[in-house]
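Listed in order, the protein sequences are those of chains A and B.
Sequential numbering from 43 applies to the first sequence in my numbering.
Sequential numbering from 43 applies to the second sequence in my numbering.
Beneath this line is the structure, given in C-alpha cells, with notes to follow.
There are 2 protein chains.
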Amino acid sequence: MKSSDKHEKIIRAAVKVFAKKGFFSARISDIAKVAKVADGTIYLYFNNKFDILISVFDEEIGKFIAQTKKLVDQEENPRKKLEVFALKHLSMAKENKSLAEIIQMELRQSHKLIKEYRKTIFSEYVDIISAIIRQGQEKNIFRKDIKPGIAKRAYFGALDEMTRLWVLSPKPPYDIKETAKQISSMFLQGINAE
Amino acid sequence: MKSSDKHEKIIRAAVKVFAKKGFFSARISDIAKVAKVADGTIYLYFNNKFDILISVFDEEIGKFIAQTKKLVDQEENPRKKLEVFALKHLSMAKENKSLAEIIQMELRQSHKLIKEYRKTIFSEYVDIISAIIRQGQEKNIFRKDIKPGIAKRAYFGALDEMTRLWVLSPKPPYDIKETAKQISSMFLQGINAE
DNA sequence: GGCCGCTAAATGAATAATCATTCAGATTTT
DNA sequence: AAAATCTGAATGATTATTCATTTAGCGGCC
C-alpha cells in the first residue's frame, strides 16, 4: 500500500474520532482502529497526537478557504459577495459536519499553539469579509462609518454561531439558504422596520 | 478558617488555572497550589475535577445573566434594550477576562455533559435577545420577516466573536462602547448606505 | 517462473510518564 | 478530648510513545 494512502486514512479517521470524543478524550488506539492501522503506524506519519490535530486543520481548512475566495471573486456586487460568503460558510458546515464540529470545538482550545494557529488561519478567512466591506464602502454602497474590522467579526460571528447550532443539533433546525439570506439581509438592511 | 472561604478560594484559583492552561491540561495540584490548599482538600469541596468546572460556570455565569436581565428590563425601547445588552456583554468580557476566556474555550468542549450544559445556560441568555426582538416586532419597530431564532444567534454570535478578540489579544483593540454601538447599529440600520 | 537477499513499512506488546483520587494520620476547632 | 477539618504521600488507572520483531515489496540471478 502506498504511504500516501495511510496518511489520508489516518487523517480521515482522526476527523471522525476527534469529532466524536474530542481531542483530549480521543485515544490514539481509537484512531488506529478506525483507520485499520496499528497504533505504531500512526507515529510513522505524525510526530504526536497534537500533530494529527494540526494536520487535520491544515489540510482541510486550507482547501475550504481557497474555495470560498474563488466563489466570492466570481461576484461583482459587494452585497452579492456577502451573500455568497454566508451561503458557502453554512453549506460547508452542513456537508462536512465532523470537520465543522472539530473547528467549533477544538480550534477554541486554550493550548498556546492552537491559539496562535487560530489567529493566523482565521485572519485569512475573515479578512475576505473585511475586503468586501471596504470595496463596498469605496463604491458608496456601504456606510462609511462602519469599521471593517468590527463588521468582519460580527458577520463571521453570526455565521459561526449558526454553525454551532447545526453542530449541536441532530437536525438542522433552519434551512441553509433561508438562514444565509436572513443573515446577509440583517447585515445589509438591518432589522429596523423602514 | 471557615469552609465557605475555602470553597471560594478554590473556585477563584480554578478560574485562573483553567483560563491559563485549559481544563484538560490544568492539574488539580496546580489549582491546589494557587488556592494555597492541599490537593486532597479540593475533594472535600468538590466531587471531581469536572465538578469544579461546572461550579465555576454555575456560580459565575448565573450572576452575570441575572445582572443582564435586570439592566435590559430597565429600558423601555427595544432598540435601546439591544444596545444595553451589547454593552453589558462586552463589558463583562473586559472586566472578567479569565472567566470570559473559560467561557470561550471550555464551554465549547465536545464533552457530552458540557454540550448539554451549554445548551441550557446559553438558551437562557440568548433568549433575552429573541424576547427583545419579538417585543419590537409586536410594536412594529422591527421587521416582521426576521426570525427571532436566527436573529438572536446572529446578534449573540457577533458579540461573542468580538469577545474572542478581547480574550486572544493582550490589549482590547477597540473601545468597548464604540464596539457595542457599531454592532447594535449594524443590526438595526444595516450596513447599506441609505 | 521461482528463489534469494535486502530494505522499507507495519505491527502491537511493553514501557514510562502523568495525574486524578484516596485515605491514614496530623492539626485545628469547639 | 472529641469532632471537624485538613494534609500530601501513595495508589492505581490511563494512555501516549517506543522499539524489537515481523511482514511485504522488489530487483537481480539462475
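In this text, a Cβ means the ideal position worked out from N, Cα and C, and glycines have one as well.
Can you name the residues that DSSP bridges to residue i?
| i | result |
| --- | --- |
| Asn234/A | Phe184/B |
What are the boundary residues of the alpha helix (DSSP H) that residue i is part of?
| i | result |
| --- | --- |
| Gly104/B | 104-116 |
| Val209/A | 190-210 |
| Gln151/A | Taken as a continuous stretch (DSSP letters only), Gln151/A belongs to no alpha helix (DSSP H), as it is neither H nor E. |
| Asp100/B | Premise fails: Asp100/B is in no alpha helix (DSSP H) and is neither H nor E. |
Looking at the structure shown, is residue i part of a helix, part of a strand, or coil, going by DSSP?
| i | result |
| --- | --- |
| Arg176/A | helix |
| Gly82/A | helix |
| Phe164/A | helix |
| His239/B | Shown here, chain B extends from 43 to 236; a query on residue 239/B therefore has no answer. |
| Ser226/B | helix |
| Asp217/A | coil |
| Phe60/A | helix |
| Ala68/A | coil |
| Phe88/A | coil |
| Tyr159/B | helix |
| Ser45/A | Any answer about Ser45/A is weak, because its pLDDT of 42 lies below 50 and its placement is not dependable; what the coordinates show is given next. Of the three classes helix, strand and coil, the one that applies to Ser45/A here is helix, per DSSP. |
| Ala142/A | helix |
So residue i and residue j are supposed to be a Cβ contact under 8 angstroms. How far apart are they, rounded?
| i | j | result |
| --- | --- | --- |
| Ile170/B | Val209/B | That belief does not hold up - the Cβ atoms of Ile170/B and Val209/B are roughly 22 angstroms apart, past 8 angstroms. |
| Phe60/A | Glu148/A | 6 angstroms |
| Met134/A | Ala142/A | 7 angstroms |
| Ile53/B | Ile70/B | At roughly 14 angstroms, the Cβ-Cβ gap does not stay under 8 angstroms, so Ile53/B and Ile70/B are not in contact. |
| Lys63/B | Ser152/A | 7 angstroms |
| Met228/B | Ala193/A | 6 angstroms |
| Ser150/A | Arg150/B | The sequence as given places Arg at residue 150/A; Ser does not occur at that position. Indeed, because the Cβ distance is near 4 angstroms, the residues count as touching under 8 angstroms. |
| Leu132/A | Ile218/A | 5 angstroms |
Out of the options, point me to the one whose CA is closest to residue i's CA.
| i | options | result |
| --- | --- | --- |
| Ser165/B | Ile188/A, Lys189/A, Glu203/A, Arg185/A | Glu203/A |
| Gly199/B | Gln146/B, Asn138/B, Ile183/B | Gln146/B |
| Lys51/A | Asp72/A, Ile70/A, Ala77/A | Ala77/A |
| Leu155/B | Phe92/B, Ile73/B, Ile53/B | Phe92/B |
| Ile206/B | Ile183/B, Ala193/B, Lys136/B | Sequence check: residue 206/B is Arg here, not Ile. When only C-alpha atoms are compared, the closest one is Lys136/B. |
| Ser140/B | Ile103/B, Leu201/B, Asn234/B, Lys189/B | Ile103/B |
| Glu158/B | Lys181/A, Ser211/A, Arg195/A | Ser211/A |
| Pro190/B | Ile183/B, Glu180/B, Ile175/B | Ile175/B |
| Gln109/B | Lys130/B, Val168/B, Ile163/B, Pro120/B | Lys130/B |
| Ser97/A | His49/A, Lys223/A, Ala80/A, Phe184/A | His49/A |
| Arg195/B | Thr162/A, Ala56/A, Pro215/A, Asn234/A | Pro215/A |
| Lys181/B | Tyr197/B, Glu118/B, Leu201/B | Glu118/B |
| Ile20/B | Ile188/A, Gly82/A, Val168/A, Thr221/A | Residue 20/B is absent from the model: chain B starts at 43 and stops at 236. |
| Tyr197/B | Ile233/A, Ile94/A, Phe99/A, Ala74/A | Ile233/A |
| Gly178/A | Ala56/A, Phe65/A, Lys123/A, Gln116/A | Lys123/A |
| Val57/B | Ile107/B, Pro120/B, Leu86/B, Glu101/B | Glu101/B |
| Tyr167/A | Lys105/A, Ala80/A, Gln116/A | Lys105/A |
| Lys161/B | Ile183/B, Arg185/B, Phe99/B | Phe99/B |
| Phe184/B | Asn90/A, Gln231/A, Lys111/A | Gln231/A |
| Ile107/A | Asp81/A, Ile163/A, Ala55/A, Val79/A | Ile163/A |
| Phe65/B | Ser226/B, Leu95/B, Leu201/B, Lys112/B | Leu95/B |
| Lys75/A | Ser226/A, Ala55/A, Lys223/A | Ala55/A |
| Tyr87/B | Ser226/B, Ile144/B, Asp47/B | Asp47/B |
Between residue i and the ligand ZN, is the CB less than 7 angstroms from at least one heavy atom?
| i | result |
| --- | --- |
| Asp100/A | Annotation note on the ligand ZN: not contained in the displayed structure, which lists no ligands. |
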